[in-house]
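Going line by line, the protein sequences match chains W and R.
Heads up: the first sequence at position 405 corresponds to 405 in the UniProt record's numbering, and the numbers run straight through without jumps.
Heads up: the second sequence at position 151 corresponds to 151 in the UniProt record's numbering, and the numbers run straight through without jumps.
No residue lacks a Cβ here, since even glycine has one placed at the ideal position from N, Cα and C.
Protein chains: 2
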Amino acid sequence: MTNFNDLPAHVWPRNAARQEDGVVTIAGVPLPEIAEEYGTPVFVVDEDDFRSRCRDMANAFGGAQNVHYASKAFLTRRIARWVDEEGLALDVASENELRLALSAEFPAERITVHGNNKSAAFLRLCVAEGVGHVVLDSPQELELLDMIARSQDKVQEVFIRVKPGVEAHTHEFIATSHEDQKFGFSLASGSAWEAAKAAHNAENLDLGGLHCHVGSQVFDAEGFKLAAERVLDLYARIHNELGVDLPYLDLGGGYGIAYTVDEEPLDVAAVAKELLAAVNEFAAELGIAAPTVVVEPGRAIAGPTAVTVYEVGTIKDVHVDDDTTRRYISVDGGMSDNIRPALYEAEYDTRVVSGFTDGEKLQARLVGSHCESGDIIVKDTQYPADVSTGDLIGVAATGAYCYAMSSNYNAFGKPAVVSVRTGRVTPMLRRQTIEDLLALESAQP
Amino acid sequence: MTNFNDLPAHVWPRNAARQEDGVVTIAGVPLPEIAEEYGTPVFVVDEDDFRSRCRDMANAFGGAQNVHYASKAFLTRRIARWVDEEGLALDVASENELRLALSAEFPAERITVHGNNKSAAFLRLCVAEGVGHVVLDSPQELELLDMIARSQDKVQEVFIRVKPGVEAHTHEFIATSHEDQKFGFSLASGSAWEAAKAAHNAENLDLGGLHCHVGSQVFDAEGFKLAAERVLDLYARIHNELGVDLPYLDLGGGYGIAYTVDEEPLDVAAVAKELLAAVNEFAAELGIAAPTVVVEPGRAIAGPTAVTVYEVGTIKDVHVDDDTTRRYISVDGGMSDNIRPALYEAEYDTRVVSGFTDGEKLQARLVGSHCESGDIIVKDTQYPADVSTGDLIGVAATGAYCYAMSSNYNAFGKPAVVSVRTGRVTPMLRRQTIEDLLALESAQP
Chain W
1 MTNFNDLPAH
11 VWPRNAARQE
21 DGVVTIAGVP
31 LPEIAEEYGT
41 PVFVVDEDDF
51 RSRCRDMANA
61 FGGAQNVHYA
71 SKAFLTRRIA
81 RWVDEEGLAL
91 DVASENELRL
101 ALSAEFPAER
111 ITVHGNNKSA
121 AFLRLCVAEG
131 VGHVVLDSPQ
141 ELELLDMIAR
151 SQDKVQEVFI
161 RVKPGVEAHT
171 HEFIATSHED
181 QKFGFSLASG
191 SAWEAAKAAH
201 NAENLDLGGL
211 HCHVGSQVFD
221 AEGFKLAAER
231 VLDLYARIHN
241 ELGVDLPYLD
251 LGGGYGIAYT
261 VDEEPLDVAA
271 VAKELLAAVN
281 EFAAELGIAA
291 PTVVVEPGRA
301 IAGPTAVTVY
311 EVGTIKDVHV
321 DDDTTRRYIS
331 VDGGMSDNIR
341 PALYEAEYDT
351 RVVSGFTDGE
361 KLQARLVGSH
371 CESGDIIVKD
381 TQYPADVSTG
391 DLIGVAATGA
401 YCYAMSSNYN
411 AFGKPAVVSV
421 RTGRVTPMLR
431 RQTIEDLLAL
441 ESAQP
Chain R
1 MTNFNDLPAH
11 VWPRNAARQE
21 DGVVTIAGVP
31 LPEIAEEYGT
41 PVFVVDEDDF
51 RSRCRDMANA
61 FGGAQNVHYA
71 SKAFLTRRIA
81 RWVDEEGLAL
91 DVASENELRL
101 ALSAEFPAER
111 ITVHGNNKSA
121 AFLRLCVAEG
131 VGHVVLDSPQ
141 ELELLDMIAR
151 SQDKVQEVFI
161 RVKPGVEAHT
171 HEFIATSHED
181 QKFGFSLASG
191 SAWEAAKAAH
201 NAENLDLGGL
211 HCHVGSQVFD
221 AEGFKLAAER
231 VLDLYARIHN
241 ELGVDLPYLD
251 LGGGYGIAYT
261 VDEEPLDVAA
271 VAKELLAAVN
281 EFAAELGIAA
291 PTVVVEPGRA
301 IAGPTAVTVY
311 EVGTIKDVHV
321 DDDTTRRYIS
331 VDGGMSDNIR
341 PALYEAEYDT
351 RVVSGFTDGE
361 KLQARLVGSH
371 CESGDIIVKD
381 TQYPADVSTG
391 DLIGVAATGA
401 YCYAMSSNYN
411 AFGKPAVVSV
421 RTGRVTPMLR
431 RQTIEDLLAL
441 ESAQP
């Protein structure tokens, strides 16, 4: 067990530090000051950390244009601007994500559009705005997009999402599964080839590459390499039978981050090097031009850059059995601002950020304020005995899939979000109030 | 397998029917008309059904005042008004739920306040507004509320939440567990007795009863009865040692509903009769006055009264293996408007509501539009082969914990909600737009 006053550097934002008085700062800004001004819970995003992870990815994958930030992890106008300024491309997966990006003046030609069920209206918007790529997910969509592009007298560049039959998680992967899912065309059944041929032959579509996604929280290159090898077989067939070399190979996301002190994040530079070398090697063996590899990290960029700051409320020692007492520490948020523990049994690293703690370590559970016994942030942990009501607790690595999936359960407003950089705080999203919720109510009695 | 054109009466709203042309109506309103006017997805709430379930509960439990509608299942101003007009009481579990209820002019004296982590500000509001009962959940809160009531020169009536050590689900219950949770005071360890004594002795608190909650989706009386028996032992001790008969026994919620055709909802009248008889019997055996039993249904009132209407988009036949094909039917919502399948592996009954279907039954999966392969509404079902893009699908029993837990994942706006009664549609909540989401963005660059 590490010292509770430490901030594990591989889990916390790059610019997080504990001052001599015990207060935790991010980018030089004391978290208690942010809590005081913006209230709790509040998400604090380390801008330089975010940008540095964009650059790490860009360096690893041969250029910022090859890295597509996945909006679904967490998107605001300011984040879209950071992504744009760093030269990355952007993935969107819904009409509203596209509208959000465009409202931040993100260049449409650097946007790739995902989704298993894009409406005609969404596809018309994509073509009209001139998005870089639409990732086709079904024969029906392929025909519809071709027709829409024709009606706008345009040629739309597309990718085709294929299922390589590889499912990767952590350090393991399954090489023969994952066909039975909603996304993509099957390589194994031949439907991916049929789709590639159809896209190649469609007058108003231009096939730019194939896309696949192997999983989430992946920590090494093996699963990606196997998927690339399988997908490149189809590139070879396309080369041989259709006479074209597709310029891009989109290998999706899945780059794992460390949520707890025991985890190690995926080594982006090492995995990228191994993966790119493998793609070049496979292409050479197949006698085709190696496509440019494109990747789509969301969590690996946004995840580690943010911390959720909560205030401690009720503390209660619960008699579990004659030998065990567990201290329940309640904070002023929970499953409305972070559904991941309930949904995915996700674990988190949490620390007191308002000062040093040094009491005896007690069995503890960090819980939220929702009216549901499953509203738990950290199920099994140890907390120093001197943690008390009014202290601030920071939960690290909440930058991805927390705010993005947040709800208004129990009529909780969504938290405020701020970004910090070189000692300065800038509000990013204001806290949602009861008035915001009531604004949806019909005036009719 | 039932006929796909049926609407199982024990799952669908009481006023749902299929017309001669195959279109499904609720309270006489064709669902396609609602979809046309309000867009999809849309929640349609059957007002008379909702009110009738309030009355069924009131009749079963000896009076509307003994039934507390649990806001967390689904609360809007109009629903608060229905609950008020039917004479029920209301449970809230957060400051915003209380504010929402008060904004609908729900009488504060009929409101009971729950929560494991009520802030001082929330408790001050409770006392100032004169809520009926505050359910105390920790020694810390007991002291704080007493102090707050004193500072406002009031006496606040309270319940104490106790853990009876019973955990009930479906037709089974566990008689010796559930101590290790965030809510309540333990009966077994004596802390519930200590709290009762402290509340009794507190100058500005008036102890009205004890509260317990045994679980969710319970289908018979056994678990409730065992909990009541254990809690009543403490009533007897309070009677004997403190000389008072507590007027109320709050047995919480958990009354199960049918989500699928194979399930039978809990028989409210029968379970209530058995439970009330048992409480009277236990009290007589203990030589104490039988307290009035109070219950807190949320799901059992709201759940069956609403249907989510989606429009079918992409349809794709997925090659699962050489012998199996699965039809993936995508609709224009998903885990943002109904997290329950992903969160609890919840199952639902779904039907085409825009007309008859009669094709061959195919293995099918109903999926949403989110960028996540786990975004599934119904995992294993059979759908007629003639279901096609543009059809409307209704998902029954979505009145509880769907809108209430909805998110903006993938920047989806929350759906519209309407209520229907005797052929008339009234908007309840308007659809959330991208502008609503952008309204939270800070103006600062």
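- Exposure of R/Ala443 is indicated by the presence of fewer than 16 other C-beta atoms within 10 angstroms of its C-beta.
- Within the region 318 to 353 of chain R, the runs of beta strand (DSSP E) that reach at least 3 residues and sit entirely inside it are, in chain order, 324 to 331, 350 to 352.
- Taking a contact to require three or more Cβ pairs closer than 8 Å, the region 407 to 417 of chain W and the region 326 to 339 of chain W qualify as touching.
- In chain order, Glu441 make up the part of chain R whose C-beta sits under 7 Å from the C-beta of W/Arg77.
- Legend: CB atoms of the region 95 to 117 of chain R lying less than 7 Å from CB atoms of chain W belong to residues Asn96, Glu97, Arg99, Leu100, Ser103, His114, Gly115, Asn116, Asn117.
- Boundaries around R/His133 are those of the beta strand (DSSP E), 133 to 136, since no alpha helix (DSSP H) includes it.
- Fewer than three Cβ pairs drawn from the region 51 to 59 of chain R and the region 72 to 80 of chain R lie within less than 8 Å of each other, which leaves the two stretches out of contact.
- For W/Lys273, the closest Cβ of chain R is not nearer than 7 Å.
- Considering only beta carbons, the part of the region 360 to 385 of chain W lying closer than 7 Å to chain R consists of Val367, Ser369, Cys371, Ser373, in chain order.
- In summary, the residues of the region 126 to 147 of chain W whose CB is separated from some CB of chain R by less than 8 Å are Asp137, Ser138, Pro139, Gln140, Glu141, in the order they occur in the chain.
- Restricting attention to R/Tyr328, R/Glu85, R/Gly399, R/Tyr248, the CA atom closest to the CA of R/Glu157 is found in R/Tyr248.
- Here R/Gly223 carries a helix assignment [DSSP, helix/strand/coil].
- Going by C-alpha positions, R/Cys371 is about 8 Å away from W/Lys72.
- Among the residues of chain W, those whose CB is under 7 Å from the CB of R/Asp180 are Val318, Val320, Arg326, following chain order.
- Boundaries of the beta strand (DSSP E) harbouring R/Leu249: 248 to 250, taken from the DSSP string.
- Around the beta carbon of W/Gln382, fewer than 16 other beta carbons sit within 10 angstroms, so the residue counts as exposed.
- For W/Ile174, no CB of chain R lies under 7 Å from its own CB, so it is not counted at the interface with that chain.
- If you draw a straight line from the Cα of W/Thr314 to the Cα of W/Ile393, it is about 13 Å long.
- Scanning the region 64 to 151 of chain R for uninterrupted beta strand (DSSP E) segments of 3 residues or longer gives 68 to 70, 89 to 92, 111 to 113, 133 to 136, listed from N- to C-terminal end.
- Taking a cut-off of 8 Å on C-beta distances, the region 307 to 327 of chain R does not touch the region 269 to 281 of chain R, as fewer than three cross pairs fall below it.
- In chain W, no part has a C-beta under 8 Å from the C-beta of R/Thr308; the shortest such distance is about 16 Å.
- For R/Lys379, the enclosing beta strand (DSSP E) covers residues 376 to 384.
- A residue is called buried when at least 16 other Cβ atoms come within 10 angstroms of its Cβ; W/Lys379 does not meet this threshold and is exposed.
- Following the DSSP letters along the chain, one finds R/Phe50 inside the alpha helix (DSSP H) bounded by residues 47 to 60.
- W/Thr112 sits buried, since 16 or more C-beta atoms from the chains shown fall within 10 Å of its C-beta.
- Measuring C-alpha to C-alpha distances from W/Asp6 to each of W/Val307, W/Pro41, W/Thr357 identifies W/Thr357 as the nearest.
- Using a Cβ-Cβ cut-off of 7 Å, R/Ile434 counts as an interface residue toward chain W, since at least one Cβ of chain W sits closer than that to its own.
- Listed as beta-bridge partners of R/Pro30 by DSSP are R/Thr25.
- The beta carbon of W/Val45 sits closer than 6 Å to those of Thr305, Ala306, Ser419, all from its chain and outside the five residues before and after it, given in chain order.
- At least 7 Å separates the CB of W/Gly298 from every CB of chain R.
- Closest by C-alpha distance to R/Arg327, out of R/Pro30, R/Val67, R/Ala385, R/Ala346, is R/Ala385.
- With contacts defined by Cβ atoms closer than 7 Å, R/Gly87 and R/Ala108 do not form a contacting pair.
- Nearest neighbour of R/Asn240 by Cα position, chosen from R/Gly298, R/Glu167, R/Leu286, turns out to be R/Leu286.
- Chain W places no beta carbon closer than 7 Å to that of R/Arg340, leaving this residue out of the contacts.
- In this structure, R/Phe185 sits near R/Ala195, with a CB-CB distance shorter than 7 Å.
- CA-CA distance, W/Ala221 to W/Leu276, rounds to 10 Å.
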